[in-house]
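Trainee: In the UniProt record's numbering, the protein residues as written are 1 to 450. Even glycine gets a Cβ: it sits at the ideal position worked out from N, Cα and C. This one's a predicted model, so the numbers in the text were calculated from it and none came from an experiment. First the structure, which I've put down as structure tokens, then a few questions once you've had a look.
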Ligand SMILES: *Cc1c(COP(=O)(O)O)cnc(C)c1O
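This is how it looks when you write it as structure tokens:
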């Protein structure tokens with residue numbers, strides 16, 4: 001305990017946390033992690049918690065996975081880092097080949113970066129510059145969807161559409177054309193998903209009719225919008241989006257940072273509808289949740305538009321100090337090997353079925369409005385009134401209250417407003433998944449009260 005207090009005091013003095021209101025943060029007994037093991041986190045007090053959000057949607061095989069640890073140690077015995085500006089390194093080359101092999105057809109080139117936000121920045125800049133090289137500099141707009149989250153850097157915030165993250169930076173951002181994401185529980189057009197015939201797609205059609213000729217790209221979170229509150233796309237919707245983009249020659253950016261690497265029960269979420277985007281951004285699970293490597297995959301068409309003599313100014317001027325980090329790429333390769341060896345994507349589908357069955361238990365809870373599940377991505381939307389879908393007053397911090405309950409019971413989860421998010425590591429063993437689901441159900445039952 002003494003040790004905990006010492007770290008807490010130091011944190012209070014020196015640390016500013018991401019996406020965290022610091023005013024009373026240190027009074028809420030923050031967990032200070034010392035180590036991890038499998039699906040467990042252990043804090044400096046020796047308390048153990050289930051990692052119920054995969055350390056913010058990243059973790060795949062658990063913590064301290066011998067195969068991943070060994071791959072990194074082996075690479076460390078060779079070199080930790082060297083630049084990719086004008087040169088290459090072995091794991092980055094190997095990983096690029098693997099990513100092209102496992103991603104949707106047509107994505108043949110890999111551009112590395114350090115975070116999901118940067119992978120999105122790269123897709124935005126490439127799409128924008130692509131049309132200049134193609135002789136269509138007028139194609140410079142971006143279409144995005146309500147509730148979109150694509151990262152926290154300025155370009156990524158510009159194509160984002162969550163006002164909470166947007167508002168403060170308004171004048172620094174470029175404008176976008178916004179169309180609705182199919183949030184069926186709160187349909188913006190007041191339709192029913194069974195009968196609507198994707199009515200909201202009509203608004204995308206209209207936007208393309210009005211702006212298609214001057215639009216560089218559309219960006220979308222395939223199958224599940226994450227930060228908006230785990231909003232599940234209806235089956236087949238993404239295919240229609242792809243077809244519309246093709247019709248208007250608007251490049252499609254599929255942001256798979258959250259949903260990629262097995263999370264939805266396919267290696268990439270685009271596979272559910274057989275979609276090949278023009279750009280696929282990925283990060284988070286790429287290294288199994290170990291190291292900050294992300295990637296932007298694109299087509300030969302885009303790549304070739306950037307080829308030219310140096311003085312033609314077609315070069316893609318982007319790259320960071322740690323781009324293509326060999327340790328991270330080595331971890332990613334070992335991560336992908338383990339996907340194969342453990343047939344993890346199939347297991348995710350089985351776990352989805354299990355989660356659907358177990359969470360039925362919450363379906364009649366007076367404050368559970370909607371339960372959304374894709375693979376091992378779960379969002380439980382809490383409401384004050386099920387009949388009217390009226391939300392709780394924001395000041396009740398209901399999502400946070402439920403997550404606090406879960407923590408008291410030994411599992412770390414983090415809400416998105418009043419959506420309780422449950423995203424365990426993909427390789428969570430059966431018994432642990434059962435125990436984690438028990439805690440989740442109890443936390444909602446006991447925490448969500450009027
Ligand atoms: C998390 C996330 C990002 C940003 O990734 P970072 O690694 O946090 O920069 C981008 N897009 C989506 C869909 C995400 O969920």
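#1: When the distance is taken between beta carbons, is residue 298 closer than 9 Å to residue 268?
#2: Just the C-alpha distance for residue 177 and residue 216, rounded to the nearest angstrom, thanks.
#3: Starting from residue 237, trace the beta strand (DSSP E) in both directions and tell me its first and last residue.
#4: Compute the minimum distance between the beta carbon of residue 115 and the heavy atoms of ligand 1, and state whether it is under 8 Å.
#5: When you measure from the CB of residue 419 to every non-hydrogen atom of ligand 1, does any distance come out below 8 Å?
#6: Going along the chain, which residues of its own chain have a beta-carbon closer than 8 Å to the beta-carbon of residue 52, five neighbours each way excluded?
#7: For a test of your reading of the model: does the CB of residue 53 fall under 8 Å from any non-hydrogen atom of ligand 1? Yes or no.
#8: To which residues does DSSP link residue 142 through a beta bridge?
#9: Can you tell me whether residue 385 is helix, strand or coil according to DSSP?
#10: Check whether the Cβ of residue 118 sits closer than 8 Å to any heavy atom of ligand 3, and report yes or no.
#11: Just checking residue 69 against ligand 1 - is the residue's beta carbon closer than 8 Å to any of the ligand's heavy atoms?
#12: Flag this pair as touching only if the stretch 307-320 and the stretch 22-33 have three or more C-beta atom pairs under 8 Å; answer yes or no.
#13: Is DSSP giving residue 367 helix, strand or coil here?
#14: Alpha helix (DSSP H) containing residue 57: first to last residue?
#15: Are there 16 or more other CB atoms within 10 angstroms of the CB of residue 54, so buried, or fewer, so exposed?
#16: Please classify residue 377: does DSSP put it in a helix, a strand, or coil?
#17: In terms of residues, what are the limits of the alpha helix (DSSP H) holding residue 339?
#18: Contact check, residue 181 vs residue 145 under 8 Å by CB: the rounded distance?
#19: When you compare only the Cα positions, how much space is there between residue 147 and residue 228?
#20: Tell me whether the stretch 331-342 and the stretch 279-293 touch, counting them as touching only if at least three CB pairs, one residue from each stretch, are closer than 8 Å.
#21: How is the alpha helix (DSSP H) around residue 403 delimited, first residue to last?
#22: Cβ atoms of residue 220 and residue 200: under 9 Å apart, would you say?
#23: Just checking, does the stretch 255-262 make contact with the stretch 80-91 on the three C-beta pairs under 8 Å criterion?
#24: Under the rule that 16 or more other beta-carbon atoms within 10 Å means buried, what is residue 169, buried or exposed?
#25: Quick one: Cα of residue 320 to Cα of residue 443, how far?
#26: Using 9 Å as the threshold, is the C-beta distance between residue 224 and residue 374 below it?
#27: Go ahead and pull the three-state DSSP assignment for residue 420.
#28: Between residue 377 and residue 97, what straight-line distance do the alpha-carbon atoms span, to the nearest angstrom?
#29: Taking a contact to mean a Cβ-Cβ separation below 9 Å, would you say residue 238 touches residue 281 in this structure?
#30: Pick out the complete beta strand (DSSP E) segments inside the stretch 26-106, 3 residues or longer, and give them in chain order.
#31: Only counting runs of 3 or more residues, tell me where the beta strand (DSSP E) segments fall wholly within the stretch 270-300, in order along the chain.
#32: For residue 418, count the other beta carbons within 10 Å of its own beta carbon; 16 or more makes it buried, fewer makes it exposed. Which is it?
#33: Does the count of Cβ pairs from the stretch 354-372 and the stretch 205-214 closer than 8 Å reach three?
Mentor: On the basis of the supplied data:
#1: If you number the chain shown from 1, residue 268 lands on position 268. If you number the chain shown from 1, residue 298 lands on position 298. It is not a contact, given that the beta carbons lie outside the stated cut-off.
#2: Taking the first residue of the chain shown as 1, we reach residue 177 at position 177. Taking the first residue of the chain shown as 1, we reach residue 216 at position 216. When rounded, the distance between both Cα atoms is 11 Å.
#3: Looking up residue 237 in the chain shown gives position 237. For residue 237, no beta strand (DSSP E) run applies; the uninterrupted alpha helix (DSSP H) run containing it begins and ends at 237-247, by DSSP.
#4: What you label residue 115 is simply residue 115 of the chain shown in a count that begins at 1. With a cut-off of 8 Å, the C-beta of residue 115 is classified as near ligand 1, since at least one heavy atom of the ligand falls inside that distance.
#5: Counted from its first residue, the chain shown places residue 419 at position 419. No.
#6: What you label residue 52 is simply residue 52 of the chain shown in a count that begins at 1. Non-local beta-carbon contacts of residue 52 in its own chain, meaning distances under 8 Å to residues more than five positions away in sequence, involve 406, 411, 412, 413, 422, 423, 424, 436, 439 and 440 in chain order.
#7: If you number the chain shown from 1, residue 53 lands on position 53. Taking the Cβ of residue 53 as the reference point, every heavy atom of ligand 1 lies at 8 Å or farther away.
#8: Position 142 of the chain shown, counted from the start, is the residue given in the question as residue 142. Partner(s): 217.
#9: The residue you call residue 385 lines up with position 385 of the chain shown. Looking at residue 385 - three-state DSSP - the assignment turns out to be strand.
#10: Because ligand 3 does not appear in the structure shown, any question about it cannot be addressed here, the ligands present being ligand 1.
#11: Taking the chain shown and counting its residues from 1, one reaches residue 69 at position 69. Checking the Cβ of residue 69 against ligand 1 gives no.
#12: Contact between the stretch 307-320 and the stretch 22-33 is absent, because fewer than three Cβ pairs lie under 8 Å.
#13: Within the chain shown, residue 367 is the residue found at index 367, counting from 1. Residue 367 sits in coil when the DSSP states are folded into three classes, being neither helix nor strand.
#14: The count along the chain shown starts at 1 and reaches residue 57 at position 57. Looking at the DSSP string, the run of the alpha helix (DSSP H) that includes residue 57 is 54-57.
#15: Counting from 1 along the chain shown, the entry for residue 54 is found at position 54. Looking at its Cβ environment, which holds 16 or more other Cβ atoms inside 10 Å, residue 54 is buried.
#16: Here the question's residue 377 lines up with position 377 in the chain shown. Three-state DSSP puts residue 377 in a strand.
#17: Your numbering for residue 339 matches position 339 in the chain shown. 326-341 is the extent of the alpha helix (DSSP H) around residue 339.
#18: Within the chain shown, residue 181 is the residue found at index 181, counting from 1. Within the chain shown, residue 145 is the residue found at index 145, counting from 1. At roughly 4 Å, the Cβ-Cβ gap stays under 8 Å, so residue 181 and residue 145 are in contact.
#19: Position 147 of the chain shown holds residue 147. Position 228 of the chain shown holds residue 228. Cα atoms of residue 147 and residue 228: separation of roughly 5 Å, rounded to the nearest angstrom.
#20: Yes: at least three Cβ pairs fall under 8 Å.
#21: The count along the chain shown starts at 1 and reaches residue 403 at position 403. For residue 403, the enclosing alpha helix (DSSP H) has its first and last residue at 398-408.
#22: As a working mapping, residue 200 is identified with position 200 in the chain shown. As a working mapping, residue 220 is identified with position 220 in the chain shown. In this structure, residue 220 does not lie closer than 9 Å to residue 200 by Cβ.
#23: Of all C-beta pairs linking the stretch 255-262 to the stretch 80-91, fewer than three are shorter than 8 Å, placing the two stretches out of contact.
#24: Numbered from 1 along the chain shown, position 169 holds the residue referred to as residue 169. The residue in question, residue 169, is exposed, as its Cβ has fewer than 16 Cβ neighbours within 10 Å.
#25: For the purposes of this step, residue 320 is taken as the residue at position 320 of the chain shown. For the purposes of this step, residue 443 is taken as the residue at position 443 of the chain shown. Between the C-alpha atoms of residue 320 and residue 443 there is a straight-line separation of about 42 Å.
#26: To locate residue 224, count along the chain shown from 1; it is residue 224. To locate residue 374, count along the chain shown from 1; it is residue 374. Yes. Within cutoff.
#27: Translated into positions along the chain shown, residue 420 becomes position 420. In this structure, residue 420 counts as strand in the three-state DSSP scheme.
#28: The count along the chain shown starts at 1 and reaches residue 377 at position 377. The count along the chain shown starts at 1 and reaches residue 97 at position 97. Those two C-alpha atoms are separated by around 28 Å.
#29: Residue mapping note: residue 238 aligns to position 238 of the chain shown, counting from 1. Residue mapping note: residue 281 aligns to position 281 of the chain shown, counting from 1. The answer is no: Cβ separation not under 9 Å.
#30: Whole beta strand (DSSP E) segments, 3+ residues: 33-37, 40-43 and 48-51.
#31: DSSP runs (the beta strand (DSSP E)) wholly in the stretch 270-300: 279-282 and 294-298.
#32: Here the question's residue 418 lines up with position 418 in the chain shown. A buried status is given to residue 418, since no fewer than 16 other beta-carbon atoms sit within 10 Å of its beta-carbon.
#33: The stretch 354-372 vs the stretch 205-214: no contact.
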